[in-house]
Amino acid sequence: MTKHLDARTTDLSRREFFGAAAGLSLAFTAAPDPLALIDEGLSGAALAQAPLSPNVWLTIGTDGTITIVSPAAEMGQGTFTTLPAIIADELDADWAKVKPVFPPEWNEKKFGNPGYDNYAFQTSASFATRGYFKAMRVAGAQARRVLIDAVAAKWGVPAAELSTAPSVVVHKASNRRISYGEIAGFAKAPAELPKIEDKDLKTPANFRYIGKDLPRVEVPLKVTGAAKYGIDAQVPGMVYAAVLQSPYPGGSPETVDDTRARQVAGVTDIVRLPEGVGVVGTSVEATQRAKNLLKVTWSDVPGAHHDSEKALEEFAAIGRDKSREGVPYERVGDAKAAMRSAVKVYRGEYRTRYLYHAQMEPMNATASVSPDGKSVEIWTGTQGPTNLHNQVARLLGIERTSITLHQHFLGGGYGRRSQQEVVTDAVRLAKAVGKPVKLIWTREDDVTGGKFRPMTAHHIEAGFDASGTLIAWHHRVVAESVAAYTSIANGTPPPPIDRVVMKGSPIPQYPIPNKLAEHVVETRGARLAAFRGVGNAYNAFAAESLLDEIAKDRGLDPIAFRLTIAEGAPRMQTLLRTVAEMSDWTRRRDSRGLGVGTMVKDDTLAAGIAEVSVDRATGKVKVHNFWAAIDAGLAVQPRNVAAQTEGSIVYALGHVLREKITIRNGRVLESNYSDYEVTRMSDVPNIDVKVISTDNPPTGAGEDGVPVVACAVGNAIAALTGVRLRELPFAPERVRGALGA
Amino acid sequence: MVAFTVNGVRSEVGVDANTPLLWVLREELKLTGTKFGCGIASCGACTVHIDGQATRACVTPISMVEGKSVTTIEGLSPDGSHPLQKAWIAEQVPQCGYCQSGQIMQAAELLARNKAPSREEIVEHMDGNICRCGTYLKIISAIQRASREG
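Just so you know, the protein sequences line up as chains A and Z, in that order.
For the first sequence, the residue numbers in the numbering used here are 37 to 777.
For the second sequence, the residue numbers in the numbering used here are 72 to 221.
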């Protein structure tokens with residue numbers, strides 16, 4: 037069996053990496069300026085006077101303030117609390133004294149995510165806690181050892197006789213105590229930092245913060261308007277910009293009539309961009325108005341002829357045509373041979389449409405290029421600082437070290453802020469006009485220039501042998517390649533397989549002996565991106581829908597059937613039993629149906645049950661209750677895991693009920709929240725999430741509610757009405773049509 | 072010149088009469104707590120109070136606030152101690168947080184009129200404010216808490 041992960045599993049032997057990089061000479065050389073952008077309260081003037089930096093990850097001030105680097109993007113998923121808490125736990129820090137900061141420099145060798153190739157600064161795929169967990173524990177334990185060794189030397193006692201309480205070193209024999217702040221007053225980190233081994237780390241029973249619930253550190257800033265997002269950047273002398281983008285990727289401006297745009301008061305420059313036309317001026321509203329007055333023709337590229345509804349029909353036909361071999365993503369046994377030997381084969385076809393991230397903060401970036409073009413300063417909120425640095429360095433032909441990135445909080449990411457085209461356009465415009473430029477997309481720009489979750493057609497076959505055992509599973513996913521699209525901008529070769537699209541398709545929660553999951557790659561010229569829930573979302577919709585159809589045909593209870601095929605996957609069986617109990621699964625409801633769905637994404641497991649009703653006259657689906665259980669290994673911050681799961685269920689509900697992006701003649705037809713209708717408060721059911729913390733390493737928890745929603749709701753509708761909906765979204769007109777009303 | 076009061080402070084700005092209040096607040100007065108979301112009064116991220124009434128600043132021309140009193144999230148309380156702000160922290164409502172200024176300003180109007188709203192009244196009042204992170208249930212809990220704890 038092959039195993040695909042988004043990133044390499046954390047290699048714990050790499051702790052030397054920290055030892056090597058952690059000498060005093062590599063300690064903070066400058067106060068991290070993102071502090072000023074976050075909040076004075078979080079910054080701590082302590083940094084400037086911090087005399088002790090036990091390793092690159094933290095400094096301790098004489099007032100006891102402990103400043104801890106939190107390198108992942110904070111986009112609402114709570115890493116600005118979770119990651120520092122991991123270090124603080126092993127350091128035995130008093131949490132009240134901890135001040136998280138973004139990295140003082142974007143140096144992967146110091147602060148990059150050990151879970152990613154080349155330690156990339158990349159916050160996606162729910163890999164922050166997973167990737168940093170062990171590294172940060174080691175960093176915290178190492179810093180604690182530095183403190184203990186310093187006290188041992190000063191007091192002339194063996195280090196082994198010293199212990200710690202929160203932010204205090206204790207010598208029990210002589211009844212002496214000394215605070216971390218006091219230690220910072222005299223201690224120096226040794227030239228060679230102590231090596232930390234597994235046995236030096238805490239046992240879970242001794243965790244103070246891991247597995248407990250800490251209030252999130254940046255929440256107070258988010259209730260007063262003080263939290264700073266990229267769009268809030270204010271740079272002296274800055275001007276504003278709007279960009280009219282090509283309607284489709286690869287389109288470049290051929291003719292530009294800017295006569296009327298230039299007449300708008302405040303507009304100073306019109307700048308051609310590779311895939312757009314920029315308007316620069318003295319106010320946001322002037323640039324937005326002028327942008328709408330531009331008349332531009334665009335070069336003819338394949339994407340200009342894309343029609344998404346027509347293409348989806350084609351995708352479905354390709355799914356059926358097994359002469360079109362796909363790129364194998366995972367093979368177990370021999371699915372094709374087993375299918376031939378099966379006495380009964382079930383087939384199912386399912387479809388999903390393009391989706392838009394709809395993050396609340398429209399894409400934006402502020403850039404200032406030095407007069408000689410050799411250095412640049414950038415203010416934005418990004419999920420991908422490494423890609424940002426690489427792309428900007430390539431664009432300007434400068435060293436990465438000549439780029440100063442001011443990371444901000446992200447007004448929603450969900451995968452959208454991994455891509456950098458707004459940053460590179462801001463840099464181009466700033467260079468062109470010789471001033472700092474704040475580029476803000478309108479919501480309409482954000483929708484029509486969106487990078488979408490791919491539309492998909494699924495063809496699945498499931499084969500049973502004479503004994504009634506499910507022996508073969510063959511899932512064909514027909515879709516464009518997200519990985520190929522994103523590799524263009526990143527200047528990297530397209531990867532041989534597309535994990536973004538294919539995740540979840542091998543259904544590891546069901547250890548069927550013969551499996552084949554393959555990606556039939558089509559190219560249509562749409563802009564694509566990773567999207568919260570990634571391939572798991574549509575792959576679970578397809579797989580779990582077919583499983584329900586099979587259960588129904590065989591007269592089996594959907595959960596009992598799943599428990600059978602999950603034999604050998606006890607963690608999933610536990611989740612299935614948990615949600616069954618939470619929902620009181622066997623209790624019949626008047627006019628309401630229940631449906632179940634499960635998913636496994638990068639070793640995190642989730643199961644969900646939806647309770648729905650359908651208004652047969654209008655076709656409107658109402659979800660009344662949703663029960664979910666998640667096993668993400670050790671839950672580092674359980675309440676936050678529950679909040680993320682709840683939020684991702686709400687996020688996905690809109691995908692299921694209404695959301696879709698339609699492309700015709702290469703142009704996106706939707707434009708704003710008025711016609712791209714996301715989940716609103718009145719849509720939201722009661723949601724009950726159970727976090728099952730297990731003694732497995734912590735895995736991701738930022739998006740795991742998403743995949744269980746579409747399948748559970750679809751299965752509930754089928755249970756209630758007897759009608760199977762095989763394509764998303766379950767919009768009223770589609771539901772009404774299917775019900776024959 | 073348009074003259075109005077923002078968070079108790081008299082302001083005068085010399086911008087085009089059609090300039091949306093949102094951009095005056097954000098880029099002229101540097102009150103960036105009020106957010107740009109959609110520009111068409113469809114998401115509520117830009118909600119402020121004008122003479123106590125929750126209003127979408129993105130579609131409010133600056134000329135309309137002449138002589139009026141505008142309150143933004145920065146002016147809701149002097150020190151973040153409005154019952155809703157305290158409840159928002161107690162319930163750990165925000166995730167990305169971008170919509171939350173607008174959510175709180177929208178909720179503040181409700182509680183000013185109705186000290187003990189029902190769940191249905193809360194949902195009806197808040198349905199124009201989008202939260203893409205999906206914190207709606209926490210928002211409801213926080214409004215109920217603020218109503219209780221005042």
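Glycine is no exception: its CB is placed at the ideal position from the N, C-alpha and C atoms.
For clarity, every value in this text was computed on a predicted model and none was experimentally measured.
The beta carbon of residue 367 (chain A) sits closer than 6 Å to the beta carbons of 552 from its chain, once the five residues preceding and following it are set aside; these are given in chain order. Assignment of residue 93 (chain A) by DSSP, reduced to helix, strand and coil, places it in the coil class. Pairing residue 421 (chain A) with residue 157 (chain A), the inter-Cα distance amounts to about 5 Å. At the C-beta level, residue 363 (chain A) and residue 555 (chain A) come within 8 Å of one another. DSSP places residue 191 (chain A) within a helical segment (H, G or I) once states are collapsed to three. Contacts with chain A at 8 Å (Cβ-Cβ) include residue 205 (chain Z).
Between residue 121 (chain A) and residue 250 (chain A), the C-beta gap is smaller than 8 Å, which places the two residues in contact. Against chain A, the beta carbon of residue 122 (chain Z) has no neighbour under 7 Å; the closest one sits roughly 20 Å away. For residue 709 (chain A), the nearest CB of chain Z lies under 8 Å from its own CB, placing it at the interface with that chain.
Comparing alpha-carbon positions, the option among Z:204, Z:164, Z:173, Z:205 lying closest to residue 215 (chain Z) turns out to be Z:164. Setting aside the 5 residues that flank it on each side, residue 354 (chain A) is surrounded in the same chain by 360, 493, 514, 556, 558, each with a C-beta closer than 8 Å to its C-beta; the list follows chain order. Taken atom to atom, the span from the alpha-carbon of residue 117 (chain Z) to that of residue 743 (chain A) is near 31 Å.
No Cβ of chain Z is located within less than 8 Å of the beta carbon of residue 299 (chain A). In this structure residue 314 (chain A) touches residue 465 (chain A) by the C-beta definition: roughly 5 Å separates them, less than 8 Å. For residue 623 (chain A), the three-state secondary structure derived from DSSP is coil. Remark: three or more beta-carbon pairs, one from each stretch, lie closer than 8 Å, so the region 73–82 of chain Z and the region 140–156 of chain Z are flagged as touching. Within the region 254–267 of chain A, the residues whose Cβ lies closer than 9 Å to some Cβ of chain Z are 254, 255, 256, 257, 258, 259, 260, 261, 262, 263, 264, 265, 267, listed in chain order. In terms of beta-carbon proximity, residue 645 (chain A) stays away from the interface with chain Z, with every pair separated by 8 Å or more. At the C-beta level, residue 616 (chain A) and residue 642 (chain A) stay beyond 8 Å of one another. Rounded to the nearest whole angstrom, the CA to CA distance from residue 582 (chain A) to residue 521 (chain A) is 30 Å.
Its chain contains 654, 655 as the residues whose beta carbon lies nearer than 7 Å to that of residue 772 (chain A), once the 5 sequence neighbours on both sides are disregarded; these appear in chain order. The Cβ atoms of residue 97 (chain A) and residue 203 (chain A) do not sit closer than 8 Å to each other. Per DSSP, the continuous alpha helix (DSSP H) segment holding residue 190 (chain Z) begins and ends at 190–197. Where residue 768 (chain A) is concerned, the enclosing alpha helix (DSSP H) starts and stops at 768–775. Between the region 669–678 of chain A and the region 700–714 of chain A there are fewer than three C-beta pairs closer than 8 Å, too few to call the two in contact. Distance between residue 148 (chain Z) and residue 182 (chain A), taken at the CA atoms: about 44 Å.
A Cβ-Cβ separation of about 4 Å places residue 93 (chain Z) in contact with residue 129 (chain Z) under the 8 Å criterion.
Taking a contact to require three or more Cβ pairs closer than 8 Å, the region 276–295 of chain A and the region 477–492 of chain A qualify as touching. When the alpha-carbon of residue 301 (chain A) is set against those of Z:83, Z:87, Z:125, Z:181, the nearest one is in Z:87.
Pairing residue 221 (chain Z) with residue 259 (chain A) gives a Cβ-Cβ distance that is not under 8 Å. Chain Z has no Cβ within less than 8 Å of the Cβ of residue 618 (chain A). Between residue 245 (chain A) and residue 124 (chain A), the C-beta spacing is below 8 Å.
Unbroken alpha helix (DSSP H) runs of no fewer than 4 residues, entirely contained in the region 272–354 of chain A, are found at 295–298, 320–329, following chain order. In the three-state DSSP reduction, residue 127 (chain Z) falls in the strand class (E or B). By the criterion of a C-beta distance shorter than 6 Å, residue 694 (chain A) is surrounded in its chain by 713, 765, 767, once the five residues flanking it on both sides are discounted. Residue burial annotation: residue 333 (chain A) is exposed, with fewer than 16 other C-beta atoms found within 10 angstroms of its C-beta.
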